[in-house]
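Residue numbers (the working numbering), protein chains in the order written: chain L, 1 to 215; chain X, 216 to 641.
1) Report, in whole angstroms, the separation of the C-beta atoms of residue 392 (chain X) and residue 246 (chain X), which I expect to be a contact under 8 Å.
2) Between which residues of its own chain and residue 201 (chain L) is the CB-CB distance below 6 Å, once the five residues before and five after are set aside?
3) Distance check for residue 417 (chain X) and residue 471 (chain X), CA to CA, integer angstroms please.
4) Can you tell me whether residue 129 (chain L) is buried or exposed? The criterion is at least 16 other CB atoms within 10 Å of its CB, across all chains shown.
5) Could you tell me the alpha carbon to alpha carbon distance between residue 531 (chain X) and residue 140 (chain L), rounded to whole angstroms?
6) Quick check on the DSSP output: what are the complete beta strand (DSSP E) runs of length 3 or more inside the region 355–395 of chain X, in order along the chain?
7) Taking the beta carbon of residue 586 (chain X) as the centre, do at least 16 other beta carbons fall within 10 Å, making it buried, or is it exposed?
8) Since I believe residue 403 (chain X) is in contact with residue 595 (chain X) (beta carbons under 8 Å), could you give me their beta-carbon distance rounded to a whole number of angstroms?
9) For residue 415 (chain X), go through chain L and note every residue whose CB falls closer than 7 Å to its CB, in chain order.
10) Residues in the region 380–396 of chain X with C-beta within 8 Å of chain L's C-beta atoms, listed in sequence order?
11) Could you check which residue in L:184, L:143, L:169, L:142 has the C-alpha nearest to that of residue 156 (chain L)?
12) Report back the beta-carbon spacing between residue 592 (chain X) and residue 505 (chain X) to the nearest angstrom; my notes put them in contact at under 8 Å.
13) DSSP puts residue 164 (chain L) in a beta bridge; with which residues?
14) Which bits of chain L does residue 411 (chain X) rub up against, with CB to CB less than 8 Å?
15) When you compare the CB positions of residue 52 (chain L) and residue 75 (chain L), do they come within less than 7 Å of one another, or not?
16) Following the continuous alpha helix (DSSP H) through residue 271 (chain X), name the residue where it begins and the one where it ends.
17) Quick one: is residue 409 (chain X) buried, meaning 16 or more other Cβ sit within 10 Å of its Cβ, or exposed?
18) List, in order along the chain, the chain X residues whose C-beta lies closer than 8 Å to that of residue 180 (chain L)?
19) Looking at residue 602 (chain X): is its Cβ nearer than 7 Å to the Cβ of residue 559 (chain X)?
20) Check distances from the C-beta atoms of the region 192–203 of chain L to those of chain X and list, in chain order, the residues that come in under 9 Å.
21) Tell me whether residue 154 (chain L) sits in a helix, a strand or coil according to DSSP, three-state version.
22) Could you give the residue range of the alpha helix (DSSP H) that holds residue 94 (chain L)?
23) Can you tell me where the alpha helix (DSSP H) with residue 529 (chain X) in it begins and where it stops?
24) Using only alpha-carbon positions, find the residue among X:533, X:510, X:498, X:242 that is nearest to residue 520 (chain X).
25) Kindly indicate which three-state DSSP category residue 229 (chain X) falls into: helix, strand or coil?
26) Can you name, in chain order, every residue of its own chain whose Cβ lies under 6 Å from the Cβ of residue 340 (chain X), other than the five neighbours on each side?
27) Who are the near neighbours of residue 81 (chain L) in its chain, counting only those whose CB is closer than 7 Å to its CB and skipping five residues on each side?
28) Where does residue 237 (chain X) land, buried or exposed, given buried means 16+ other C-beta within 10 angstroms?
29) How many angstroms separate the CA atom of residue 318 (chain X) from the CA atom of residue 527 (chain X)?
30) Let's see if you can read the secondary structure: which residues bound the alpha helix (DSSP H) around residue 61 (chain L)?
31) Since I believe residue 415 (chain X) is in contact with residue 186 (chain L) (beta carbons under 8 Å), could you give me their beta-carbon distance rounded to a whole number of angstroms?
32) Work out the CA separation of residue 373 (chain X) and residue 436 (chain X) for me, nearest whole Å.
33) For residue 8 (chain L), tell me which candidate among L:138, L:33, L:79 has the shortest Cα-Cα distance.
34) For the alpha helix (DSSP H) holding residue 315 (chain X), just list the boundary residues, first then last.
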């Protein structure tokens, strides 16, 4: 017996590619632009969202029959705010430097459209197990794009990956820098993330023509 | 005999072209073919007026107006290099046109520095155009011919070639091809390339060491030479009195990006483009007016004593308003960049607004940009983005005015006609 049924597998796999929250639904762009200059920050952000969305979806799904329709947004906000505060405090306690890099963007997970979007669109209408899988799937889809963008931006912009100098030392002129290579300052600034995300969207659509809208 | 041979070569190309029709590499071959000969295809049905000014002719006219600038820039690159060496050695140097400017030595140095940039620019850019044409299955368009010529003229002379190649790939793909190729782009590709270089590799694109050949690599050695531009001097509140005369600035015997220095040649090129009706005189004139107005405002602020002489902006603000036109890249930008028919405004009234704001913003950014005392490319790119909006409101305004006129006409015209009729019958 498979651990997950076919339908459940799709809940996780769909948001990874053909229904990706960033490249297809274009949600959560703000944090994708802001914190992807370093791969480490991207990974931590992806894990944070994984936790918030995974747990949040389950909580909302469990409460879905108790929440009065009129105040559901406020209830959702309280749930997500609680989870984000937990993430924020954990980061401050165990990875203080990183939490300074991420600064306000950890707090801004609250306003990440992907989270409210999944609460509204999925958790309110499905059971906890499905909501959990959906939350994991969507945050993985978000995280994958974040990590791809972070990879290219850190590699081209700083010549490092997770802080390791993979292309050599730019000051001592070793490795690739010895032959005149230089870091691309453009990749460090947020507009570069917009262009990298755009290129990913372009690539994805040229691979899967069904994604291109008719106009 | 040789004539016959050429004809057969041409004929053979025509035949190959027909055989290649529908094949994958056809666009690449066709581009090569049209580059050498005019196509043998004519339209067979319907009646048409044929204009000789097709895209190819338009592009060639712009390139023709750029050739003098390219040649001048080769002399100037050499001259600035040797002048800087002399200055560092304490030798004072009087400029004499045929004594030390138009010399083989200057030209040779300029040629060996600029020719590789030109080759990389065309090679990389056309390669990308060819790849995209083959993938998309359409003909190669002539759009890159002018861009490829403009790019070498707007970069510092010591720009590493691989940086240039990276920037060209970025500029052509992201600036043009993603929007659908020639004629569909929002931003001027040459300026996109320049902006990418500026943000990606600022140490090579700004500062006082990049504008003269070898100024960068000699830094810190005993042979250090200066490569400061006039705007750079002014941004540090240093006067250029006695260093560069007004005729130096106007004719372009000053350091700067390769081809931007000579306002005189830009003026000639501009006149040529206006008289051949390639570029819009409205944009040029309004951009000049815009920069003069902004310059006058700054002069007024400086003269009124609103800012102190020690202020960071005093040097550039007190710079005579009309001199902004003859230093830096303003003249070149106005003539060759702002008038790009694809990215500029299309309506006549829109062109006035578009050009005015380019001049106005160029001088404003030039004075207030703390990192880099020049702003022409930023101003033009910004206005490129706003050009469709300007056009939209100009057209809307026109429609509204005509609607109003039509409504009034409907009320008065019958009455007037009736009065006339009455007068006649009486």
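The beta carbon of each residue, even a glycine, is placed where N, CA and C say it ideally should be.
Checking against the coordinates, here is how it stands:
1) In fact, because the Cβ distance is near 15 Å, the residues do not count as touching under 8 Å.
2) Taking C-beta separations shorter than 6 Å and ignoring five residues to either side along the sequence, the partners of residue 201 (chain L) in its chain run 23, following chain order.
3) 15 Å
4) exposed
5) 52 Å
6) none
7) By the beta-carbon neighbour count (other beta carbons within 10 angstroms, threshold 16), residue 586 (chain X) is exposed.
8) 7 Å
9) 184, 185, 186
10) 381, 389, 393
11) L:184
12) Contact flag wrong, Cβ pair sits at about 16 Å.
13) L:161
14) By Cβ distance, chain L contributes 186.
15) Taking 7 Å as the Cβ cut-off, residue 52 (chain L) and residue 75 (chain L) do not qualify as a contacting pair.
16) 270–303
17) Answer is buried; the Cβ neighbour count reaches 16.
18) Residues of chain X with a Cβ closer than 8 Å to the Cβ of residue 180 (chain L) are, in chain order, 375, 377.
19) yes
20) 192, 195, 198, 199, 202
21) helix
22) Start and end: 72–94.
23) 529–532
24) X:533
25) helix
26) Correct list, in chain order: 359, 363, 383, 387.
27) The beta carbon of residue 81 (chain L) sits closer than 7 Å to the beta carbons of 110 from its chain, once the five residues preceding and following it are set aside; these are given in chain order.
28) exposed
29) 39 Å
30) 39–63
31) Sure, about 4 Å apart at Cβ, within 8 Å.
32) 18 Å
33) Nearest option by C-alpha distance: L:138.
34) No alpha helix (DSSP H) holds residue 315 (chain X); DSSP gives it neither H nor E.
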